[in-house]
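Colleague: Got a structure here, written out as structure tokens. Questions coming.
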């Protein structure tokens, strides 16, 4: 590596940092005022890129066409964000924050398929900026003019936002609303328009970031999740709600990534380290380190009021005898299912059972624990890989692999959990996501052990379980038993302590419950259950790839839990079955399954803001609040 | 039930509200005439703060009517109630900690209103000279007394017809309590109508024209301060500590 290479990579990294900052500042503004974690922010960025490329084609060439496209795309995305706020989020500001999250997931799904319809599945290359296609000579190294423009733009936008927030009445109102929305309202400010305005501004920044990337990066349908995770990392590392912090974090991440590219492969003490491979994961390592050392990021402060208000917490009742009768009847029906079902239905039912267990394990953290895990797929994946590697690399029999997988997942959960419980709320969620991404990238890159991106193939069940019906029975028995154990733990003193820590952290502490420790131990319990689900999944499919623990799997898990309702254990189980069945059902009929699913989730969220099971329970019992 | 007086500014009838399953107010009835100070007295947990919050729309009214200048306001959102002329000063003060004194005032600024005193930062600094000396100080860096002055000033920036003052003397040093009493008396001279929730009987006596006593979510006594002092039975039953 020469110094000139380093310089070139550094400039590229700084240019990336600028767009990253634009993207993240929008997310930070929106979260600060509305307390909505907008998962669709990355989708808005993606629409910005696609929209700008499409507009640039239709507006014709020249500087006017290019810059006109960038501006119109940014404004269009701002309008889109405002519409999303007006049509969806405005109706559910009163709902628990996880429901708002679910609604924004639905928007992610919808936008992805609308983009697929409008622009097709192929990546689209954008035009270069007219007049800025050349390079500036710096230390003998050509520096693209466009990169220089972006590097300048970052600080300019930071300054403009600072002035807006500190020197205008609107900015003062926004800062006040970030602290205490209710008080702002009692002082005569209509927060409805304030919120819509903030959404428009934040979305516009995402759109601008996406549009500006058009000459540097092709538009693709994967941009949404990449952008949202990048934005989350920047916002969390910088400290929620701090624009300066976000700017610093974007710079640090941009530079560190650039360094990894520049270093390339390095021989160190006899080991060959490939730094460029690290770029997939370096930002997550950085986030994990930052959160472990500075729990609120570079410039953030502890958050107030992120947990649900006490009024929304459901009481836990010991179920009536009738419940047990019904539960036993359902299990009996499930066991008898092969008598009437064909192989296709059995495979689908096996999937439903596996994901029901996965969702139940996530619910164990989210419901009683109040610990929102955004990276739960990690434990599913670790269980899957543990089983797959034991079977392929060590030739272990199926039962041994199924037995060992939960222990492997629990061991990792014990380590990750130790770090996670030091944080709360969104910070905790982001750290779980970081760990999941780290595990995912290890599986993706460690070819010799995990099979890399190809994964492992030929992991088949033992002969006695090879039959679809037999494997289905095995799955039902293991999943039902594990869910029953989770239920039992929830209703044991451990579960009560967990809930006490969730509802009244300090008071639980004061009566002698070591809240952090209880929360910590919840991780391996949930991890083990997810690990078993993962192991069963490998044997049901016969193969596995790093996909089993991609972000989208974690997102699926969240959707399942929230769809069913987080208050009861029945909720996630029903949600998982419903989700898996819906996905399969729609997938058979149309390639736009995400659109249908997204719309279905939106309708469900707007109609049942407590999840399907939670809302049904209220209907059955009658509204009493 | 007495007929509403001709000069009634705020009329509250049979108001019920609460949080979740817990009902706090059971049919509160109150009347606030233009230019008077009414003290809402009662013990901890009697429902004073909940009454004020329900009037302001921060807690949903489950039953009853609230009329401001002949207009029904129960069920409106807080910002509409504020714009119609009702100001609210919360017990916990709730100043914006990251905003300066001037910015805190700016948040609440509303146009002048006929029939109500008009306030500017300059006039407020005459009322509370201490505040004028710390215009650029952030809310989070002020003492409790200074925050109390700021939260009252902030509400006044909306030029309200009537102000709901929730325990302005709570947790303040005696010398600051005296200054608060002086300022509230000054506001009354300006023609502001005030509903003052208090536990401090001495403080209330110094400034209120009439008193209403609340206990377990219902009004148990209404009358002038003189009537309250004459009625030893009521005083012993509801106010004795």
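Chains as they are written, first to last, in this note's numbering: chain C, 2 to 626; chain F, 9 to 249. Don't be surprised by glycine CBs; every beta carbon is placed ideally from N, CA and C. It should be emphasised that the depicted structure is a prediction, and the values quoted were computed from it without experimental measurement.
1) Which chain F residues are close to residue 181 of chain C, counting only those with a beta carbon under 7 Å from its beta carbon?
2) Quick check: the Cα distance between residue 38 of chain C and residue 252 of chain C, rounded to an integer number of angstroms?
3) Can a CB atom of chain F be found closer than 9 Å to the CB of residue 90 of chain C?
4) Answer yes or no: do residue 544 of chain C and residue 453 of chain C have a C-beta to C-beta separation smaller than 9 Å?
5) By alpha-carbon positions, which one of F:203, F:105 and F:94 ends up nearest to residue 124 of chain F?
6) Nearest chain C C-beta to residue 10 of chain F closer than 9 Å, yes or no?
7) Where does residue 188 of chain C sit, in a helix, a strand or coil, going by DSSP?
8) Tell me the residue span of the beta strand (DSSP E) that contains residue 229 of chain F.
9) Of all the residues that make up the segment 60-75 of chain F, which are near chain C by a beta-carbon distance shorter than 7 Å?
10) Residue 526 of chain C to residue 362 of chain C, Cα distance in whole Å?
11) Apart from the five residues on each side of it in sequence, which residues of its chain come closer than 7 Å, Cβ to Cβ, to residue 136 of chain F?
12) Could you give the residue range of the beta strand (DSSP E) that holds residue 70 of chain F?
13) According to DSSP, what are the bridge partners of residue 478 of chain C?
14) On a Cα-Cα basis, can you pick out the residue from F:184, F:31, F:149 and F:49 that is closest to residue 71 of chain F?
15) Applying a beta-carbon distance threshold of less than 9 Å, which residues of chain F neighbour residue 500 of chain C?
16) By the three-class DSSP mapping on this structure, what secondary structure does residue 20 of chain C have?
17) Please return the same chain residues whose Cβ sits closer than 8 Å to the Cβ of residue 144 of chain F, not counting the five positions on each side in sequence.
18) So if DSSP puts residue 245 of chain C in a beta bridge, which residue, or which two residues, is it bridged to?
19) Beta-carbon within less than 6 Å of residue 128 of chain C's beta-carbon, same chain only, minus the 5 sequence neighbours each way: which residues are those?
20) Can you list, in chain order, the residues of the segment 153-178 of chain C whose Cβ is nearer than 7 Å to any Cβ on chain F?
21) With burial defined as no fewer than 16 other Cβ atoms inside 10 Å of the residue's Cβ, what is the status of residue 323 of chain C: buried or exposed?
22) Output the distance between the C-alpha atoms of residue 314 of chain C and residue 498 of chain C, rounded to the nearest integer angstrom.
23) Note down, in chain order, every chain F residue with its Cβ under 8 Å from the Cβ of residue 301 of chain C.
24) Leaving aside the five residues before and after residue 433 of chain C along the sequence, list all residues of the same chain whose C-beta is less than 6 Å from its C-beta, in chain order.
25) Of all Cβ atoms in chain C, is any one closer than 9 Å to the Cβ of residue 34 of chain F?
26) Spell out whether any CB of chain C is found under 9 Å from the CB atom of residue 136 of chain F.
27) For residue 403 of chain C, which residues of its own chain have a beta-carbon under 8 Å away from its beta-carbon, when the five flanking residues on both sides are left out?
28) Closer than 9 Å between beta carbons: that is the criterion. Which residues of the segment 186-202 of chain C meet it against chain F?
29) Less than 8 Å between C-beta atoms, sequence neighbours within five positions excluded: which residues of the same chain meet that for residue 624 of chain C?
30) Please list, in chain order, the chain C residues whose beta carbon lies closer than 9 Å to that of residue 24 of chain F.
31) Tell me the DSSP secondary structure of residue 637 of chain C in three-state form.
32) Between the segment 326-338 of chain C and the segment 551-569 of chain C, are three or more C-beta pairs nearer than 8 Å?
33) Is it right to say residue 114 of chain C is buried, meaning 16 or more other beta carbons lie within 10 angstroms of its own, or is it exposed?
34) Excluding five sequence neighbours on each side, which residues of the same chain lie with their C-beta closer than 7 Å to the C-beta of residue 5 of chain C?
35) Taking C-beta to C-beta, are residue 172 of chain F and residue 200 of chain F nearer than 9 Å?
Modeller: Here's the rundown:
1) Here residue 181 of chain C is taken as the residue at index 180 of the first chain, counted from 1. Simply 102 and 104.
2) For this step, residue 38 of chain C is matched to residue 37 along the first chain. For this step, residue 252 of chain C is matched to residue 251 along the first chain. Those two C-alpha atoms are separated by around 23 Å.
3) In the first chain, the residue the question calls residue 90 of chain C occupies position 89. Residue 90 of chain C is outside the set of residues whose beta carbon lies under 9 Å from a beta carbon in chain F.
4) Along the first chain, one-based indexing puts residue 544 of chain C at 543. Along the first chain, one-based indexing puts residue 453 of chain C at 452. Remark: C-beta atoms of residue 544 of chain C and residue 453 of chain C do not approach each other more closely than 9 Å.
5) Position 116 of the second chain, counted from the first residue, corresponds to residue 124 of chain F. Residue F:94 holds the alpha-carbon nearest to the alpha-carbon of residue 124 of chain F among F:203, F:105 and F:94.
6) Against the second chain, residue 10 of chain F aligns to sequence position 2. Here residue 10 of chain F scores only 48 on pLDDT, less than 50, and its place in the model is too uncertain to base an answer on.
7) In the first chain, counting from the first residue as 1, residue 188 of chain C sits at position 187. The answer is coil: DSSP assigns residue 188 of chain C none of H, G, I, E or B.
8) For the purposes of this step, residue 229 of chain F is taken as the residue at position 221 of the second chain. Note, residue 229 of chain F: beta strand (DSSP E), 226-232.
9) Under the 7 Å Cβ criterion, the segment 60-75 of chain F contributes 64 and 66.
10) The residue you call residue 526 of chain C lines up with position 525 of the first chain. The residue you call residue 362 of chain C lines up with position 361 of the first chain. Roughly 8 Å between the two C-alpha positions.
11) Against the second chain, residue 136 of chain F aligns to sequence position 128. 157, 161 and 191.
12) Taking the second chain and counting its residues from 1, one reaches residue 70 of chain F at position 62. 69-76 is the extent of the beta strand (DSSP E) around residue 70 of chain F.
13) Against the first chain, residue 478 of chain C aligns to sequence position 477. The partner list for residue 478 of chain C (beta bridge, DSSP) is empty, contrary to what the question assumes.
14) Taking the second chain and counting its residues from 1, the one referred to as residue 71 of chain F is at position 63. Of F:184, F:31, F:149 and F:49, the residue nearest in Cα terms is F:31.
15) Along the first chain, read from residue 1 onward, the residue named residue 500 of chain C stands at position 499. Neighbourhood of residue 500 of chain C in chain F, by CB distance below 9 Å: empty, with the nearest CB roughly 17 Å away.
16) Here residue 20 of chain C is taken as the residue at index 19 of the first chain, counted from 1. Taken through DSSP and simplified to helix, strand or coil, residue 20 of chain C comes out as helix.
17) Position 136 of the second chain, counted from the first residue, corresponds to residue 144 of chain F. Counting only Cβ-Cβ distances below 8 Å, and skipping sequence neighbours, we find 108, 109 and 110.
18) What you label residue 245 of chain C is simply residue 244 of the first chain in a count that begins at 1. Looking at the DSSP output, residue 245 of chain C sits in no beta bridge, so it has no partner there.
19) Along the first chain, one-based indexing puts residue 128 of chain C at 127. For residue 128 of chain C, the CB contacts under 6 Å within the same chain, skipping 5 residues up- and downstream, are 57 in chain order.
20) Considering only beta carbons, the part of the segment 153-178 of chain C lying closer than 7 Å to chain F consists of 170, 173, 174, 176 and 177, in chain order.
21) Counting from one through the first chain, the residue named residue 323 of chain C turns up at place 322. Answer is exposed; the Cβ neighbour count stays below 16.
22) Locating residue 314 of chain C in the first chain gives position 313, where the first residue counts as 1. Locating residue 498 of chain C in the first chain gives position 497, where the first residue counts as 1. Because the pLDDT of residue 314 of chain C is 49, which lies under 50, any placement of that residue in the model is unreliable, and the question is left without a value.
23) Along the first chain, read from residue 1 onward, the residue named residue 301 of chain C stands at position 300. Per Cβ cutoff of 8 Å: no residues; residue 301 of chain C is ~13 Å from chain F at best.
24) Locating residue 433 of chain C in the first chain gives position 432, counting from the first residue. 374, 375, 376 and 421, listed in sequence order.
25) Here residue 34 of chain F refers to the residue found at position 26 when the second chain is read from its first residue. Not one chain C Cβ lies under 9 Å of residue 34 of chain F.
26) Position 128 of the second chain holds residue 136 of chain F. No, its Cβ sits nowhere closer than 9 Å to a Cβ of chain C.
27) Along the first chain, read from residue 1 onward, the residue named residue 403 of chain C stands at position 402. Correct list, in chain order: 388, 479, 533, 536, 537 and 540.
28) Under the 9 Å Cβ criterion, the segment 186-202 of chain C contributes 186, 187, 188, 189, 190, 191, 192 and 193.
29) Counting from one through the first chain, the residue named residue 624 of chain C turns up at place 623. Its pLDDT being 41, under 50, residue 624 of chain C is placed unreliably in this model, and the value from its coordinates should be taken loosely. Within the same chain, residue 624 of chain C has no close Cβ partners at all.
30) Taking the first residue of the second chain as 1, we reach residue 24 of chain F at position 16. Per Cβ cutoff of 9 Å: no residues; residue 24 of chain F is ~15 Å from chain C at best.
31) For chain C, the structure presents residues 2 to 626; residue 637 of chain C sits outside this window and is missing.
32) Contact between the segment 326-338 of chain C and the segment 551-569 of chain C is absent, because fewer than three Cβ pairs lie under 8 Å.
33) What you label residue 114 of chain C is simply residue 113 of the first chain in a count that begins at 1. Per the 10 Å Cβ criterion, buried.
34) Here residue 5 of chain C refers to the residue found at position 4 of the first chain. Correct list, in chain order: 140, 141 and 142.
35) Reading the second chain from its first residue, position 164 is the one you call residue 172 of chain F. Reading the second chain from its first residue, position 192 is the one you call residue 200 of chain F. No; because the gap between Cβ atoms is not below 9 Å, this pair is not in contact.
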